[in-house]
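To keep things clear, I will list the structure first and then write my remarks on it.
Protein chains: 2
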Amino acid sequence: GGVGSRFWPASRAYLPKQFLDITGAGTSLLQQTVLRARDVVPVSNIIIVSNGQYRDLILEQLPMLDPGQLLLEPSRNNTAPSVAYTALHLKALCPEAVFAMLPADHVIQKQNVFASCLQRAFTYARDTASIVTMGITPSRPDTGYGYINYDLRPNMEGVHKVHSFKEKPNEITARSYIASGEYLWNAGIFIWSVGTILSVFEQLAPDVLRVLQENVNMFGTPHEQAYIDQVYPKTPNISVDYAILEKSENIFTIPVDLGWSDLGTWDSLYSYLDKDINNNVVLVKHKQLIDMEGNLIRSSNPDKMVVAKGLKDYIIIDDDNVLLLFPRAEEQSIKAIRNAIKDAQFL
Amino acid sequence: GGVGSRFWPASRAYLPKQFLDITGAGTSLLQQTVLRARDVVPVSNIIIVSNGQYRDLILEQLPMLDPGQLLLEPSRNNTAPSVAYTALHLKALCPEAVFAMLPADHVIQKQNVFASCLQRAFTYARDTASIVTMGITPSRPDTGYGYINYDLRPNMEGVHKVHSFKEKPNEITARSYIASGEYLWNAGIFIWSVGTILSVFEQLAPDVLRVLQENVNMFGTPHEQAYIDQVYPKTPNISVDYAILEKSENIFTIPVDLGWSDLGTWDSLYSYLDKDINNNVVLVKHKQLIDMEGNLIRSSNPDKMVVAKGLKDYIIIDDDNVLLLFPRAEEQSIKAIRNAIKDAQFL
């Protein structure tokens, strides 16, 4: 997960999106992600990779985890070093391991579909020593997502060869992707074995590995954290997409409809959630709404009553010391407003 | 002051308007009222008459008062019993006293004018044994106020005979009042001596006095509160306007422009306060307002930031566990919404 600017003011620097119950489900996105994984693997096989500043928050939200199941990054160096660190850690514990990278700040409605798809991906990744990704069957020409161009012919059990990964397209390109039927949304869910991903790193991003492998004997020992704190900040700041995926040949995808969203914006949260009869998404328990239509209403205070009249297509977010009232269609300008705020108590 | 429904959700049953810093001045309306009186009389001569439930709140807001300066009513029996009780209490302490009744939930901008007018009223009430009221020179045909019809010819020092008191008029009547020049707003500020008001009560509302005078020896003793707790609830529920003022002959008024408002509604608060360049009244310190016009913005949290765009003529009130977003022109329907709420935590 990120640094907490997308769902501001609900998300804050000290409380990014993945730690929020942003959907009103009663659990945070991180908790939902762990619950999903727990249907496929034992809790003891779940590892949380995160910036070290969120350690206490993670253990508070996931009391079933042992502190040893947290891999804490001392600096923000993007996803390639994260993946490499995780693979090296797992290599010390269990060199035969196959693992999945699951972003902790997305939503997935179809839990059963996810679980069976993940199981198939584990099997395929283990049996073929390849990289597997879940490819989300797209429902609209969304310009906010990356796309996967794939071979329509399945080679085995519905697994398809990936031709290439595409950055977020413009509107026209997105429409052509959807029309062709040869594109899927890239949800950032990858499955691979420790051996596979380390050999791909060796081949395509050896500089990342070189920094982390200065002393490989440290992984899996009580000295691992101190070692990582020392070497990790020296890794190149680079995404796994750029370092590995876009250059790799041996990638496969399982097209699947997960009811997935990355919840990138307030508007995408509005789209994702159930509406009342007037198309309002109301995430507060107590309300008196008159002539209200198409609004998203949320408060960090579970006991807050919202009394409102005559608003159309507004985002109404009451969060601790910030109240946001903004037209839903203009939410992209919220980011600039947030970034212009100097006073740290509001960030 | 009242029971806290007019400025809901800022005012609550436990915190009526008079205890609120509703104008953003840094002091409550009660505190402002005491500060005004203190310019004319010593603090030790100030008495607060209130329902007993607000005792602790009053002493908290007015730490310079001795608890003995509070007259606490055990029941809500309207203003005639209040005035009679106050007069009987003062009679025991100082039978020659002249006193003013000052509503604690109004605003007065022109403090100096008020102080000199009050001094003149004290002198006139003492010297002539009559009832004196401050009559507010009206600035518009307001249908929310009662009016005083008075004799334009001053009899002495700008004091005028009152012909009659008028209930809140309709629009046409209010316009005729203003056009005639013979009407003032009734601010509910009355000045009289203990002897004068008690003899008027004896003459026009003897039943009120009879109940309270069951044992006159109790006033001014340590037993006064216990005695009042016992007899006060038996007094007739009647206003001093109806019981005394509308029937009395011997009433005079001093026409005066005090910059007065009874702040009866959110809209009257909006009218009263200073506007920014876009006609917003902004009572929060931290804000980012874009295309906002004619709004009233308030939060009970002094550190709350309000980020808003595109609202026109709205009341935006964030108060503890209630958020109110309502068109200013329709604020009269807020009362019905409040009254329909069952859950006491919001009232």
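Read top to bottom, the protein sequences are chains A and B. Residues are numbered in my numbering as their position in the first sequence, beginning at 1, plus a constant of 308. Residues are numbered in my numbering as their position in the second sequence, beginning at 1, plus a constant of 308. We put the CB at the ideal spot given by N, CA and C, even for glycine.
Per-residue contacts from residue i into chain B (C-beta, under 7 Å)
i, result
"residue 638 of chain A", "617"
"residue 525 of chain A", "Within chain B, no residue comes near residue 525 of chain A; the closest Cβ sits about 51 Å away, beyond 7 Å."
"residue 614 of chain A", "631"
Residue range of the unbroken alpha helix (DSSP H) whose run includes residue i
i, result
"residue 531 of chain B", "Residue 531 of chain B -> no alpha helix (DSSP H), and no H or E assigned at all."
"residue 503 of chain A", "502 to 512"
"residue 578 of chain B", "574 to 580"
"residue 391 of chain B", "387 to 401"
"residue 479 of chain A", "479 to 488"
"residue 250 of chain B", "Lying before the first or after the last residue shown, residue 250 of chain B is absent from chain B, which here runs from 309 to 655."
"residue 560 of chain A", "Premise fails: residue 560 of chain A lies in the beta strand (DSSP E), 559 to 564, not in any alpha helix (DSSP H)."
"residue 315 of chain B", "Counting along the chain, residue 315 of chain B falls outside any alpha helix (DSSP H), and DSSP gives it neither H nor E."
"residue 366 of chain B", "363 to 369"
"residue 430 of chain A", "419 to 436"
Contacts of residue i in chain A (Cβ-Cβ under 7 Å)
i, result
"residue 609 of chain B", "629"
Separation of residue j from residue i, as counted between CA atoms
i, j, result
"residue 580 of chain A", "residue 371 of chain A", "29 Å"
"residue 592 of chain A", "residue 325 of chain A", "18 Å"
"residue 287 of chain B", "residue 611 of chain B", "Coverage of chain B is limited to positions 309 through 655, which leaves residue 287 of chain B absent and any answer about it impossible."
"residue 441 of chain B", "residue 572 of chain B", "20 Å"
"residue 524 of chain A", "residue 399 of chain A", "10 Å"
"residue 651 of chain A", "residue 628 of chain A", "15 Å"
"residue 528 of chain A", "residue 425 of chain A", "30 Å"
"residue 501 of chain B", "residue 574 of chain B", "36 Å"
"residue 646 of chain A", "residue 553 of chain B", "58 Å"
"residue 453 of chain A", "residue 617 of chain B", "28 Å"
"residue 503 of chain A", "residue 438 of chain A", "10 Å"
"residue 521 of chain B", "residue 395 of chain B", "11 Å"
"residue 417 of chain A", "residue 577 of chain A", "13 Å"
"residue 636 of chain A", "residue 457 of chain B", "54 Å"
"residue 622 of chain B", "residue 648 of chain B", "22 Å"
"residue 613 of chain B", "residue 607 of chain A", "14 Å"
"residue 556 of chain A", "residue 570 of chain A", "24 Å"
"residue 630 of chain B", "residue 654 of chain B", "7 Å"
"residue 455 of chain A", "residue 477 of chain A", "8 Å"
"residue 451 of chain A", "residue 479 of chain A", "6 Å"
"residue 508 of chain B", "residue 550 of chain B", "13 Å"
"residue 419 of chain B", "residue 334 of chain A", "54 Å"
Interface residues of chain B facing residue i [CB-CB closer than 8 Å]
i, result
"residue 626 of chain A", "626, 631"
"residue 635 of chain A", "617, 618"
Partner residues on chain A for residue i, Cβ-Cβ distance less than 8 Å
i, result
"residue 654 of chain B", "594, 613"
Limits of the unbroken beta strand (DSSP E) element including residue i
i, result
"residue 455 of chain A", "455 to 458"
"residue 440 of chain A", "439 to 444"
"residue 633 of chain B", "630 to 635"
"residue 624 of chain B", "622 to 627"
"residue 643 of chain B", "No beta strand (DSSP E) contains residue 643 of chain B, which is instead part of the alpha helix (DSSP H) from 642 to 648."
"residue 472 of chain B", "468 to 474"
"residue 607 of chain B", "604 to 607"
"residue 381 of chain B", "378 to 381"
"residue 614 of chain A", "613 to 617"
"residue 358 of chain A", "356 to 359"
"residue 595 of chain A", "594 to 598"
Discussion item. Tell me which residues of the stretch 468 to 501 of chain A have at least one Cβ-Cβ distance to chain B shorter than 9 Å, keeping chain order.
Written reply: none
Worksheet entry | Against chain B: residues of the stretch 438 to 461 of chain A by CB proximity under 9 Å | none
Discussion item. With three or more C-beta pairs closer than 8 Å as the rule, is the stretch 403 to 420 of chain A touching the stretch 459 to 466 of chain A?
Written reply: no
Fill in: Three CB pairs or more closer than 8 Å across the stretch 581 to 590 of chain A and the stretch 598 to 607 of chain A
yes
Worksheet item: For the stretch 641 to 653 of chain B, which residues have a beta carbon sitting closer than 9 Å to at least one beta carbon of chain A?
Response: 641, 642, 645, 646, 648, 649, 651, 653
Worksheet item: Per the contact definition of three or more C-beta pairs closer than 8 Å, is the stretch 536 to 545 of chain B in contact with the stretch 481 to 494 of chain B?
Response: no
Worksheet item: If you pair each beta-carbon of the stretch 421 to 437 of chain A with each one of the stretch 346 to 357 of chain A, do three or more pairs fall below 8 Å?
Response: yes
Worksheet item: Looking at C-beta atoms only, is the number of pairs between the stretch 331 to 338 of chain A and the stretch 365 to 381 of chain A that lie closer than 8 Å three or more?
Response: yes
Worksheet item: Quick check: the stretch 355 to 365 of chain B against the stretch 377 to 393 of chain B, are there 3 or more CB pairs under 8 Å?
Response: yes
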